[in-house]
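Presented below is the structure to which this report refers.
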Amino acid sequence: MNRWLMKSEPDVFSIDDLRRVRVEPWNGVRNYQARNFIRQMHKGDGVLIYHSSCAVPGVAGLATVANAPYPDPTQFDPRSEYFDPGSDRGNPRWTLVDVRFQSKLKRVITLEEIKALPKLGDFALTRRGNRLSVLPVTAAQWEMILGLE
DNA sequence: GCCAACGTTGGC
DNA sequence: GCCAACGTTGGC
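In the numbering used here, the protein residues as written are 150 to 298.
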């Protein structure tokens, strides 16, 4: 099993929204590095749901990857904000997975706390200029972060 | 292939 | 709202 962190702006789609809908197609990722991580996902992989661009950024809940990666349908929808006229139906440019709610943490584990972990090691979330919306988490990082709850 | 301009992300 | 970081675009 691989482990990932996926960002969402809680004002747009929060862990409470995911709990309500149970399974959500994680569409709209339009960054090649993030897409390449999505393509490495497998059904059952663990996901940290991270709240970004909000008062207290941090990990808010747990989810799992619900299925194998498949083409993001919004790239072919001219009415979608994620429409990509340059994407070829024979070779779709953008990929997504569905994300299944697992649990909401009792409290948000904040970015500040995560940054302060002494043995966190190299982690895309705390690297300079952190902008990736989907990024890998090692087993050790996963344990350390959830150990803060 | 270079690089300036531009747009976006995201913490603060 | 500000601004640093950084990805993308497009002219050359």
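Note that CB positions come from ideal geometry on N, CA and C, so glycine has one too.
Item	Value
For I290, the first and last residue of its enclosing beta strand (DSSP E)	A quick correction: the sequence has Gln, not Ile, at residue 290. From DSSP, Q290 is part of no beta strand (DSSP E) but of the alpha helix (DSSP H) over 288–295.
Residue range of the beta strand (DSSP E) that includes K255	247–259
Pair within 8 Å by beta-carbon distance, I198 and S229	no
Enclosing alpha helix (DSSP H) for R169 [first to last residue]	164–170
Given A217 as reference, the closest of D233, D194, G270, F250 once Cα atoms are compared	D194
Nearest residue (CA-CA) to T287, options V196, S236, A183, G235	V196
Beta strand (DSSP E) segment containing Y199, residue limits	195–200
Simplified DSSP assignment, three categories, for R184	helix
Environment of F232 [buried if 16+ CB atoms lie within 10 Å]	exposed
Residue closest to R179, alpha-carbon to alpha-carbon, out of V214, V172, D221, R168	D221
Pick from D271, D247, V257, E262 that is closest to I187, judged by C-alpha positions	D247
Residues near M190 by beta carbon distance below 6 Å, same chain, minus five either side	V214, P218, V246
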